[in-house]
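In my numbering, the protein residues as written are -8 to 279. Using N, Cα and C, we set each Cβ at its ideal position, and we do this for glycine too. Below you'll find the structure, written out as C-alpha cells, and then a few comments.
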Amino acid sequence: MTMTRSETASGRLSGTRFGYRFNIVGAIGLTIILAWALVAIFAPLIIPYPVGEIVDLDYFGPMSRELWFGSDYLGRDMLSRILMGARYTVGISLAAVTIACFSGVVLGMIAAVAGGWLDTILSRFLDALNSIPSKLFGLVVVAAVGSSVPVLIMTLSVIYIPGAYRFARALAVNINAMDFITVARIRGESTLYLIRSEILPNIVGPVLADLGIRFVFIVLLLSGLSFLGLGLQPPNADWGALVRENIGGLPFGAPAVMFPSLAIASLTISVNLLIDNLPQKIRDRSTS
-8 MTMTRSETAS
2 GRLSGTRFGY
12 RFNIVGAIGL
22 TIILAWALVA
32 IFAPLIIPYP
42 VGEIVDLDYF
52 GPMSRELWFG
62 SDYLGRDMLS
72 RILMGARYTV
82 GISLAAVTIA
92 CFSGVVLGMI
102 AAVAGGWLDT
112 ILSRFLDALN
122 SIPSKLFGLV
132 VVAAVGSSVP
142 VLIMTLSVIY
152 IPGAYRFARA
162 LAVNINAMDF
172 ITVARIRGES
182 TLYLIRSEIL
192 PNIVGPVLAD
202 LGIRFVFIVL
212 LLSGLSFLGL
222 GLQPPNADWG
232 ALVRENIGGL
242 PFGAPAVMFP
252 SLAIASLTIS
262 VNLLIDNLPQ
272 KIRDRSTS
C-alpha cells in the first residue's frame, strides 16, 4: 500500500520512522521535565547568588533586572533558592518513586507467578500497610526519626510500595493466566525466566504510566510535608518549604510565594501530560 505525501510527512513528524509516534503535547511535557532534571543536576553551577546570602535590603522584594524572581522573607534571591530547591524536590521524588516502583513491581510479579502462601502473606502485609493514611504515616515517621534526605526517601518509598505492588500484581496475574505462560511452564522454564522474559515485557507500558503518576503523588506529598515544616530543614529547602517560608507574602502577591508554587505545578502537570501522551509503541507494548 502506497502512502500519500502528506501521510509520509506526518509520519516523519510523529516519529513513526523510528517506531514511535510522538505527540506534540507529550513532547512539551517531556521537555519541561528534562529541563527541571538538568536544573537539578547543575543547580550549584547556574545559581546567580549563594542560596543563603542576603542580597536585597527589602523583604519580599519585587522582580527586577538583578533579582528575576524577587527576594524572599529575608531578602535572599528567590531564583537561586528555586533552582537549588529543584535538586531536592526532583531528586528526592525520583529516588523514592524508583525504589517504590521497583520494589512493588518485583514483589507483585513474584506473588503473581508463585501464588499460594507467598502471595497471601505479601498481599495481606502490604494491604495492612496501605490502610495507614499516607500523610499520617509520613508525619509520624518524620517527626519521630527526623527529616534528613535518606529518611524522606525511605518514608515516601514505603508509603507507595503497596500501591505499586497491587497494580503490578493485577497486571501480572492476567498475563500469568495466558497460554504462552502455560507453554513456558511446560518447557520447564524457571520463575525468574517467566518474570524477566514473559511477564515484565508485557506490562512495561502500564508500569511506566503508573511510575509517572506515583512520581506526581510523591512530589505533592513531599511538598505537603515540607509545607507543614517536616521536610528539609533550613538552610536547605525544597519547593514546598519555600512556599511555607514565604507564605506571609501572600497578601502582597509576592513573587516569593508564587514562583515555588508555579514550579510545583509545572513539574506535576508536565508529568501528567507526558503520561497521557506516551509514544504509541510504549503504550502498545503490553498488548503486543
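Chain-order list of residues whose beta-carbon lies under 6 Å from that of residue i (same chain, five-residue window excluded)
i, result
"Pro53", "Gly61"
"Trp59", "Leu70"
"Arg8", "For Arg8, the predicted model reports a pLDDT of 45, less than 50, meaning its position is unreliable; a value from the coordinates is still stated below. Result list for Arg8: empty, nothing under 6 Å."
"Gly20", "Ser261, Leu264 and Leu265"
"Arg178", "none"
Which listed residue (the options) has its alpha carbon closest to that of residue i
i, options, result
"Arg56", "Met100, Ala245, Pro39 and Asn14", "Pro39"
"Leu65", "Ile266, Asn268, Leu264 and Gly240", "Gly240"
"Pro153", "Thr182, Asn193 and Leu117", "Leu117"
"Arg157", "Leu120, Ser181 and Ile172", "Leu120"
"Ala135", "Gly222, Ala228 and Ile19", "Gly222"
"Thr173", "Ala86, Val104 and Val96", "Val104"
"Ile86", "Ala232, Ala245 and Gly203", "Per the sequence shown, residue 86 should be read as Ala rather than Ile. Of the candidates Ala232, Ala245 and Gly203, the one whose C-alpha sits nearest the C-alpha of Ala86 is Gly203."
"Leu25", "Ile90, Gly82, Trp230 and Val142", "Gly82"
"Ile46", "Pro35, Arg176 and Arg67", "According to the sequence provided, residue 46 is Val. The question's Ile does not apply to it. Looking at the Cα atoms, Arg67 is the closest of the given residues."
"Pro197", "Val96, Ala28 and Leu183", "Val96"
"Phe208", "Ala256, Ala18, Ser138 and Asn14", "Ala256"
"Thr182", "Ala245, Ile15, Gly106 and Val140", "Gly106"
"Ala245", "Asp49, Pro192 and Ser94", "Asp49"
Same chain, Cβ closer than 7 Å to residue i, neighbours up to 5 away in sequence not counted
i, result
"Ser125", "Ile150 and Leu212"
"Ser252", "Val234"
"Ala31", "Ala77, Arg78, Val81 and Gly82"
"Ser138", "Leu221, Gly222, Leu223 and Gln224"
"Trp27", "Ala77, Val81 and Leu258"
Sheet register partners of residue i (DSSP bridge)
i, result
"Arg235", "Per DSSP, none; premise fails for Arg235."
"Ile45", "Arg67"
"Ser62", "Asp68"
Contact belief for residue i with residue j at Cβ below 8 Å, rounded distance in angstroms
i, j, result
"Ser84", "Val210", "5 Å"
"Ile101", "Ser261", "No, Ile101 and Ser261 are not in contact; Cβ-Cβ is about 33 Å, not under 8 Å."
"Ala200", "Leu98", "About 19 Å; that fails the 8 Å criterion."
"Gly63", "Asn237", "For the record, residue 63 in the displayed sequence is Asp; it is not Gly. With a Cβ gap of about 5 Å, Asp63 and Asn237 count as contacting."
"Ala168", "Ala91", "That pair is no contact at about 26 Å."
"Ala254", "Trp230", "5 Å"
"Phe206", "Val88", "4 Å"
"Phe243", "Phe33", "32 Å between Cβ atoms; not a contact."
Residues of its chain near residue i, where Cβ-Cβ distance is below 8 Å and the 5 sequence neighbours each way are ignored
i, result
"Tyr184", "Ala175"
"Gly17", "Leu264, Leu265, Asp267, Asn268, Leu269 and Pro270"
"Val142", "Val132, Val133 and Val136"
"Thr259", "Val207, Val210 and Leu211"
"Leu29", "none"
heavy atom of the ligand SAM below 7 Å from residue i C-beta
i, result
"Val88", "Ligands in the displayed structure: none, and consequently the ligand SAM is not present."
Quick check: the region 68 to 77 against the region 110 to 130, are at least 3 beta-carbon pairs closer than 8 Å?
Judged by pairs of C-beta atoms under 8 Å, the region 110 to 130 does not touch the region 68 to 77, as fewer than three such pairs exist.
Check whether the region 144 to 159 touches the region 204 to 220, taking contact to mean three or more Cβ pairs, one atom from each stretch, closer than 8 Å.
In this structure the region 144 to 159 lies against the region 204 to 220, because at least three pairs of beta carbons, one per stretch, are closer than 8 Å.
The region 124 to 139 in contact with the region 159 to 169 per 3-pair CB rule at 8 Å:
Touching, no, given that fewer than three Cβ pairs across the two stretches are closer than 8 Å.
Count the CB pairs spanning the region 184 to 204 and the region 26 to 46 that are closer than 8 Å, and state whether there are at least three.
With a cut-off of 8 Å, the region 26 to 46 and the region 184 to 204 do not count as touching, because too few Cβ pairs lie within range.
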